[in-house]
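**Q** Numbering (the numbering used here), first residue to last: 2 to 1225.
Using N, Cα and C, we set each Cβ at its ideal position, and we do this for glycine too.
None of the values given here were measured: they were computed from a predicted structure.
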Amino acid sequence: MITRLPRQAVLRYLERLADDLTPRQAQRLAGLADLIDGDGRIPMADALEVATPGGGDAKAQDAFRKFRAAFDEAAAEADVGVRLVSDQRKAPPRDRVCWFEGEDLAGDELAARSRRGADRRRGDETVTGTVSEVLPPTAPEAGHGGGVIHVEVARKASDHVRRREREFVDLLSEQASATPGGYRITSLVAALLGTDLEGERRRLREASDLVVELDCAASRLDVHPGATTRRPLRIALEGVARGARPAPEIVHETSRPFSQQPDRRAKVAFVQRVLDVIAEVLQAPAAPGGPLEPEKWARGMVSRPQLGGEPVTSQVGETSLSSDALTEPASRRLGEPLPAVARLVTWATEPSPGARHLCALLGDVGMGKTTTAQLFTLALLDRREHDPTVPLPILFDLRDLPARVVRETAGLRQILQALLDAGDLGRVPTVDEVLGLVASGRCVLIFDGLDEVLVHLEPHAGQVFTRTLWRATEELWRSQPAESRADRPSKLLLSCRTHYFRSIRDEANHFTGQHRDGPTGTDYLALLMLPFGEEQVRAYLAANVPGADVDRLLDLIGSVHNLREIAERPLTLRMIAEQLETIEQAKLAGHTVRAVDLYGSFVRQWLERDDGKHSLIPDHKQLLMEHLAAQLWRSGRASWGVADVEQWMLEFLAGRPELQLHYPARAPALWKEDLRTATFLVRHNDDTFGFAHTSLREYFLARYLERALQLPPEQARASWQLAVPSPETLDFLGQLLARHDDRQKAQSRTALAAIATQPPDGRADAAAVLAFAYTLAAARAGHPDHTPAGRVLTGANLAGWRIDGGTRRLSLRGSSLAGANLTAAVIRDVDLAGTDLTAATLTRAEIHDSSLRDADLQRTELAGTIFRNCDLSAVRWTDSTAHYTQALFCTQPPDALRAGWLVAPTEAPHATHARLTSFTGHRGWVNGGVWSPDGSRILTASEDGSARVWDGVSGQELLAFAGHGDEVNGGAWSPDGLRVLTAGGDGVARVWDAVSGQELLILSGHDGRVWDVAWSPDGSRVLTAGADGSARMWDAVSGQELLILSGHDGRVWDVAWSPDGSRFLTVGADGSARVWDGVSGQKLLIFAGHGDGVNSGVWSSDGLRVLTAGGDGVARVWDAVSGQELLTFAGHSGRVWDAAWSPDGLRVLTAGADGVARVWDAVSGQELLILSGHDGPVWDVAWSPDGSRILTTGDDGSVRVWDAVSGQELPSFADSGYDGVTDG
C-alpha cells in the first residue's frame, strides 16, 4: 500500500539507499526525515532550509525540485519504492508541504504479523459476539490511588509569572511521574492558540480528582468555573500578603513560596511537599455522593503526614455513618447490546480528537474475548486494503510473554521486544519501528489476555504492568514535538477476564482508580462480552453441525437442566456441539448435565481421538494432567519449559510404582513424546508448555482436589496445601462433588471437615484456608460441603475476603479466628456466635447483618471497623483497640462513650427529651441559626428583630445586632468569620462586624421582605432572596448592587452559592429551584418536582448535587449538572422547612413542621435518626463544621444542639425564653 511515510520508515529506506546516495544527499534527506510530523508531512519552508539552504524562495524551490528528482531517480534505479513529493499548490513555501511516499514496510510487516496472530484460532465457524458498554455507576465512588491533578493558573499574568507557573507545572509533572501510583498533571499554562480557554478550564477542573490553584497576586480575584470533587488546594507560587485572602484558603505554605526557593533542589523539595499534601487529600474521601472508602480515612487517622515549613491545619470529614457497605454492592450498568466487532471498529475509526482512545474488553471465561479481538484485527486489516486511513491493528497475545519479562516489571520497550521475539516467523519490525508507528497516532495497539499476566502478579505489580500498557499510546504520542504531533494518540485495546477482579469496584479501579494515571472514566470505553442469545446459538449450530436440525437441537439443549445457560458461552457451546449425542443419551437417562460433565466428555473425546497413539494409558495421562495442573499452580506459573515438564513427569511416574506396573518396559522417550503431544497441552512461542486453555487447567486442578478427598486424611491434607485457586476451579470442584453418590459425598464431607477443623498445631494451614474458600463457593452455589461451624482458621490471612453464604446465612458458630488477619474483609449475614476472634486484625473490616453474640474480641484490632445491623450482645471487648470504630444500628453495642467508638442508635429508637438549662435572649421565635466557620460561635435570627451571637459551648450571649425594623429572617457568616450578614423583614440586608457588632453596610433594593442571605465563597459578594420574586447580588465591600435575577413566579425563599462560587441556587414559592451563572446571572437549570413551594436549597460540598426542602413534605437530591432527580427523603408528616448536608456529604438533615428534625443516609435514603424535643415546627437546621453536632431552631423559641451520631441532646443551648418554654 502506497502511503505517506513516518520517520522510521523513511530512515529504513535511506539505509537501503546508502550506497546510491552522495553523503550530502544522505545527510539532507535524514534532516528532512527528522522534520516529519505526526501526519507524515514536512512544512515546505523547513524543507527548503534543510535540503537547499541559502537563496531566495524562487531559487530554493527550483533547487528543491532538482533535489527531489535526483532522489526519485536514485530510488528508481535501485528498485526501491520510495519518492519525495510535494503538493502542487501555487502558494508561498510557508503554506505548502512535502512528504515521502512509498510502501510502509514496517506497517506492512506488522499487518502481516497481526493477520497471522488473528488466524491462530480453531477451525470452527465463528459467530460474532455481542457487547454492552459498561456505563459509570449511578453514584460516584471514592478514588483509589493515583489521580488526575489539574493545576490552575492565573487568567491574566505577566511573562514573569507565566514562567514561574510553567516551571512549577513542569517540576510537578516530573516528580509526579516518578511517584509510585503516579499522577497525571493537566494545566492551561501552555494552552494552544485557538483553545476555548474557559470551556477547557471547566472541563479540566471537572475531570480532575483534585485542583491545585497557584496563589499569586495575579490570581487572587480569579473565580473559576466547574464543580470539583474536593476543595481545591491553594499553593503559594509567589509571596502574597496574609491579609489578601482568608488564611484557611492557603492550605499549603512554607517559609518561602515557590518563586523564592533558591535552587532546583529546594524547588524539588517544595514540589515534593506539595505531592505529600496531594496524597493526603486524595487519601481522604471526596465529598460526592458516593460511599466513603474506609481504608482511606482509617489510614489517614492513624498516620497523617507531617509537612515541613509552616504547619497546615487539615480537615478530616465526619465518618460515623459512612462506608462502602451502607448500600448494596454496586451493580454494573450496561448500555444496549451491540455486535462486538462492529462496535470495536466504530470505536477504532472514530476520527474526533476527543474520541476515547482506550478500550477494555471484559468477559468471563469462555465468552469469546480472544476470538473477538482476532476478528476485530481482521476486520481492520480488511478495511485497510481499501481505505488507508483505517488505523493499523497491531495484535499481541500476552500469553506469549515470557514469565521472566512479566516479573521484571519491564517497561513498554522490553515488553514489546519480548512479544516480537516470541517465535514469529518471517521478518518483524524493530521495536523502534513499532514505537514510531504507535507514536504516529495511526494504529490500534491490541493486547489480548491481560488476565493471563495479572494472575501471576501481586495486585500492585499487576497495576504497574497494566499502567505500563494503558499509558503506552498517549505517552508515545505526547513524546512527539507539539508542532508535529498528530491530533490524537493511537488507540489501545486490552482484553481481560472479568472474574480476575473480585468485584465491579475492583474492575473499574484497576483501569481507572489504579490509575488512573492515565485514564479517567471519560478517557476509556469498557465493553462487556455478553452471553450468546438464541439467534447466535442457532447460527453457531447451523454453521458447525453439518446437516443439523437446529430447532430439534435447541429443544434438546433447552430440555436439559442448566444446559441452555452453559450454551451461552462460545467455548462451552463448542463442546455442546461436539457432544450432542452424549447429551441426548444423558437426557434420556434422566441425568443432570453440568459444565463439568461437558469438560469431562470433552477430555474423553480427545483421548479417544488419539487412541492407538498412546504410549501412556489414557487414564494415566488424565492423572498426569491433574497433577501437572496442581504443580503449575503451586509454582505460580502458567507454563514450564519442556525439560522441566519431562523431568517432572519421570519423577512423578517413578514415585508411583503402581502405575509403572502397567508398562512392561520403561520407555521414557516415548512417554515424553506422548506428553508433549497431548491434546490438552500446547507449546508456546517461548518454548514452554502449558494447558491449551485456562479453563482446562482449572478443570484438571478441580479433578486433582476432588481425587485427593478420597485419600487418607494426611495425604488429603498434603494434597490440599495450595494457594486458593480461581472461583471457576472451586465451582468445578463443587460440580464434581455433586455428581458423587451418597457414600462418596459422605467421604468427601468427612475429608473436608478434617481439613477444616483439625489443622496441625491448631493453626490454619494453606489446606484449611482453601477448604474455607471452597465452603464460601459451595454455600453461594449450593454445592455439597461439610458443616462449616467449628472450623479452625487461627492465624489465617483472610485480608480482603468477601465472607458470606450468598442468599443464605452462613454459620461459623464456635469457629476459631484467633489471630486471623481480616483487614478490609467484608462479612455479611454470617452467624459468628461464640466465635473466637481474640487478637484478630479487623482493621477496616465491615461486618453486616451478622450475629456476634458471645463472641470473644479481646485484644482485637478494630481501627476503622464497621459493624452494621449486628447482634453484639455479650461480646467481650477487653483490651481491643478501637479507632473510629462504628457500631450502626446494632443490638447491645459498646458504650457510646467508649474511646474510639462511634455508635449510632440501636434497633430500639432512642428518643430523648432532656430539658436543659435555659437563658434569656430572644423574645420571639427563632427563625434560623448557623455555626461560625470555626464552629466556636452560633448566629441566630429571631422574630424579635434581633440577631445574636452565642458561644457554641457555654451558650453565653456574646453579641446582639439590633437595627432591623422588623423580624430577622435569617443570617450568614462571612467565610473568614469576621462579618455577619442578616436578612430583614424591613426589606434590607445588613452587614455587621462580628467582633464589635458595628453595622458596616445596608443593602437596600428589594420591594418587600428579605428572606435569606448568602456570602460567596471568597467573601467578595453576597446574595439576597426577596419577597418581590427576585434574587440580587451585591458587592460585599461597597454595597453596590451587581445583578438582579428574575424568573421565579412568587417569593424567593432561599439562596446559596456553589462551593466554587461559579454558580448559585435560588428556590421559590413557585415550586422550583433554579441554578444561575455566578458571573453573568444567566439561568442554567431548573429543578421542578416538588408539589408545593420549595422552602430551602443547599449545595453539596463538592458542588455536584443540590438538596431542596419542599412544602410537599419531601426533601429531594438533584444532579447539579444534568438536573436529574437522584433521591427523595419522605418521612415528615408536614412541610419540610429546611435541609442541610453534613460536611462530608454522607448525611442529610431536615427540619419539619411535624416538630422533629431527621437525619438521613445521603446514599441510600435510609432514615438514621429522629431528633425530637421541639414543641412545634422546626424552622432551621445546621451542622457544626466538623459534622459532630447538629443545631436546630424551632417555633417554640428554642435553639437546641444534638450529638450527630447518637442523637442525644447536648447541654449547651436551651430555650430562648419565648412563649413560656420551661427551664429544665
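Am I right that P430 and A800 are in contact with their C-beta atoms under 8 Å? What's the rounded C-beta distance?
**A** Looking up residue 430 in the sequence shown gives position 429. Looking up residue 800 in the sequence shown gives position 799. P430 to A800, Cβ: 45 Å. No contact.
**Q** Return the residue from the list S133, R5 and L172 that minimises the CA-CA distance to L345.
**A** Taking the sequence shown and counting its residues from 1, one reaches residue 345 at position 344. Cα-wise, what sits closest to L345 is S133.
**Q** From what residue to what residue does the alpha helix (DSSP H) around T371 run?
**A** If you number the sequence shown from 1, residue 371 lands on position 370. Start and end: K370 to R385.
**Q** How many Å lie between L446 and L723 at the Cα?
**A** Taking the first residue of the sequence shown as 1, we reach residue 446 at position 445. Taking the first residue of the sequence shown as 1, we reach residue 723 at position 722. Distance between the alpha carbons of L446 and L723: 37 Å.
**Q** Taking the alpha-carbon of T467 as reference, which of K492, A487 and G412 has the nearest alpha-carbon?
**A** Residue 467 sits at position 466 when you count from the first residue of the sequence shown. It is G412.
**Q** Can you list, in chain order, the residues of its chain whose CB lies under 7 Å from that of Y525, leaving out five sequence neighbours each side?
**A** Start at 1 with the first residue of the sequence shown, and residue 525 comes out as number 524. Here the set comprises R357, L359, C360, A361 and F512.
**Q** In whole angstroms, what separates the C-alpha of M530 from that of A341?
**A** Position 529 of the sequence shown holds residue 530. Position 340 of the sequence shown holds residue 341. Taking the straight line joining both Cα atoms gives about 8 Å.
**Q** Mapping the DSSP letters down to three states, classify P340 as helix, strand or coil.
**A** Working through the sequence shown from its first residue, we reach residue 340 at position 339. Looking at P340 - three-state DSSP - the assignment turns out to be strand.
**Q** Could you tell me which of A1152, L843 and H965 sits nearest to V827, measuring between CA atoms?
**A** Locating residue 827 in the sequence shown gives position 826, counting from the first residue. Closest option to V827, Cα to Cα, is L843.
**Q** Starting from the C-beta of A995, find all residues in its chain whose C-beta is less than 6 Å away, skip the five residues before and the five after it, and write them out in chain order.
**A** By one-based count along the sequence shown, residue 995 stands at place 994. Closer than 6 Å at the Cβ level, and outside the excluded window around A995, lie L979, R980 and V981.
**Q** Taking C-beta to C-beta, are I395 and S115 nearer than 8 Å?
**A** One-based indexing of the sequence shown puts residue 395 at position 394. One-based indexing of the sequence shown puts residue 115 at position 114. Yes, the pair counts as a contact, with Cβ atoms nearer than the cut-off.
**Q** For S1173, which of T1194, D35, G1166 and L15 has the nearest alpha-carbon?
**A** Taking the first residue of the sequence shown as position 1, residue 1173 is located at position 1172. Measuring from the Cα of S1173, the nearest candidate turns out to be T1194.
**Q** Taking the beta strand (DSSP E) that Q887 belongs to, which residues open and close that run?
**A** Here residue 887 refers to the residue found at position 886 of the sequence shown. Segment T886 to L889, the beta strand (DSSP E) holding Q887.
**Q** Using C-beta distances below 7 Å, list every residue in its chain close to R635, excluding the 5 sequence neighbours before and after it, in chain order.
**A** Residue 635 sits at position 634 when you count from the first residue of the sequence shown. Excluding sequence neighbours, R635 sits near L723.
**Q** Could you check where the beta strand (DSSP E) with L477 kicks off and where it finishes?
**A** For the purposes of this step, residue 477 is identified with residue 476 of the sequence shown, where counting begins at 1. Per DSSP, L477 belongs to no beta strand (DSSP E); it is in the alpha helix (DSSP H), A473 to R479.
**Q** Please specify which runs of the beta strand (DSSP E), each continuous and at least 3 residues long, are wholly inside the region 34-88, giving them in chain order.
**A** The qualifying runs are 83-87.
**Q** In three-state terms, what does DSSP make of V1206?
**A** In the sequence shown, the residue the question calls residue 1206 occupies position 1205. V1206: coil per DSSP, three-state reduction.
**Q** Under 8 Å between the Cβ atoms of F692 and V597?
**A** As a working mapping, residue 692 is identified with position 691 in the sequence shown. As a working mapping, residue 597 is identified with position 596 in the sequence shown. No; because the gap between Cβ atoms is not below 8 Å, this pair is not in contact.
**Q** Does the region 1026-1037 come close enough to the region 1003-1017 that 3 or more CB-CB pairs lie under 8 Å?
**A** The region 1003-1017 vs the region 1026-1037: in contact.
**Q** With C-beta atoms as the reference, is V1014 less than 8 Å away from G1069?
**A** In the sequence shown, the residue the question calls residue 1014 occupies position 1013. In the sequence shown, the residue the question calls residue 1069 occupies position 1068. Contact: no.
**Q** Starting from the Cα of L853, find the closest Cα among A883, L811 and A864 and give me that residue.
**A** Mapped onto the sequence shown, residue 853 falls at position 852. Checking every option, the nearest Cα to that of L853 belongs to L811.
**Q** When the Cα atoms are used, what is the spatial distance from V1137 to G1072?
**A** For the purposes of this step, residue 1137 is taken as residue 1136 along the sequence shown, with counting starting at 1. For the purposes of this step, residue 1072 is taken as residue 1071 along the sequence shown, with counting starting at 1. Approximately 13 Å between the Cα atoms of the pair.
**Q** Based on Cα-Cα distance, which residue from I584, G929, R95 and G1112 lies nearest to R949?
**A** Taking the first residue of the sequence shown as position 1, residue 949 is located at position 948. Nearest C-alpha to R949: G929.
**Q** Write down every uninterrupted run of the beta strand (DSSP E) in the region 986-1029 whose length is 3 residues or greater and which is fully enclosed by it, in chain order.
**A** Listed in chain order, they are 989-994, 1000-1005, 1011-1016 and 1022-1027.
**Q** Measuring alpha carbon to alpha carbon, tell me which residue in R657, L660 and A644 is nearest A670.
**A** Working through the sequence shown from its first residue, we reach residue 670 at position 669. A670 has its Cα closest to that of A644, out of R657, L660 and A644.
**Q** Relative to the alpha-carbon of A492, which residue among P482, A483, E476 and Q481 has its alpha-carbon at the smallest distance?
**A** Counting from 1 along the sequence shown, the entry for residue 492 is found at position 491. A small fix is needed here, since residue 492 is Lys in this sequence, not Ala. When only C-alpha atoms are compared, the closest one is E476.
**Q** Roughly how many angstroms lie between the CA atoms of E281 and L1170, to the nearest whole one?
**A** As a first step, residue 281 is located in the sequence shown; it is residue number 280 there, counting from the start. As a first step, residue 1170 is located in the sequence shown; it is residue number 1169 there, counting from the start. Approximately 31 Å, taken between the alpha carbons.
**Q** Can the beta-carbon of G985 be found less than 8 Å from the beta-carbon of L960?
**A** In the sequence shown, residue 985 corresponds to position 984, counting from 1. In the sequence shown, residue 960 corresponds to position 959, counting from 1. Against a cut-off of 8 Å, the Cβ pair of L960 and G985 comes out as no contact.
**Q** Does the count of Cβ pairs from the region 1086-1105 and the region 1139-1153 closer than 8 Å reach three?
**A** The region 1086-1105 is in contact with the region 1139-1153.
**Q** Excluding the 5 residues flanking G1135 on each side, which residues of the same chain have their C-beta closer than 8 Å to its C-beta?
**A** What you label residue 1135 is simply residue 1134 of the sequence shown in a count that begins at 1. Counting only Cβ-Cβ distances below 8 Å, and skipping sequence neighbours, we find G1114, G1153, A1154, D1155 and P1178.
**Q** Could you tell me how far apart the beta carbons of S817 and L833 are, in whole angstroms, since I believe they sit closer than 8 Å?
**A** Counting from one through the sequence shown, the residue named residue 817 turns up at place 816. Counting from one through the sequence shown, the residue named residue 833 turns up at place 832. About 11 Å; that fails the 8 Å criterion.
**Q** Since I believe G953 is in contact with D967 (beta carbons under 8 Å), could you give me their beta-carbon distance rounded to a whole number of angstroms?
**A** Position 966 of the sequence shown holds residue 967. Position 952 of the sequence shown holds residue 953. 27 Å between Cβ atoms; not a contact.
**Q** Closest to G1227 by CA distance: which of K91, G463, A578 and D38 is it?
**A** Past the boundaries of the shown model lies residue 1227; the chain is included only from 2 to 1225, so the question cannot be answered.
**Q** I need the straight-line Cα distance from A237 to R163, nearest angstrom please.
**A** What you label residue 237 is simply residue 236 of the sequence shown in a count that begins at 1. What you label residue 163 is simply residue 162 of the sequence shown in a count that begins at 1. Answer to the nearest angstrom: the Cα atoms are 14 Å apart.
**Q** Three-state secondary structure (DSSP) at H1049?
**A** The sequence position of residue 1049 within the sequence shown is 1048, counting from 1. Of the three classes helix, strand and coil, the one that applies to H1049 here is coil, per DSSP.
**Q** Can you list, in chain order, the residues of its chain with a C-beta nearer than 8 Å to that of S159? Leave out the 5 residues immediately preceding and following it.
**A** Your numbering for residue 159 matches position 158 in the sequence shown. The answer, listed in chain order, is A219.
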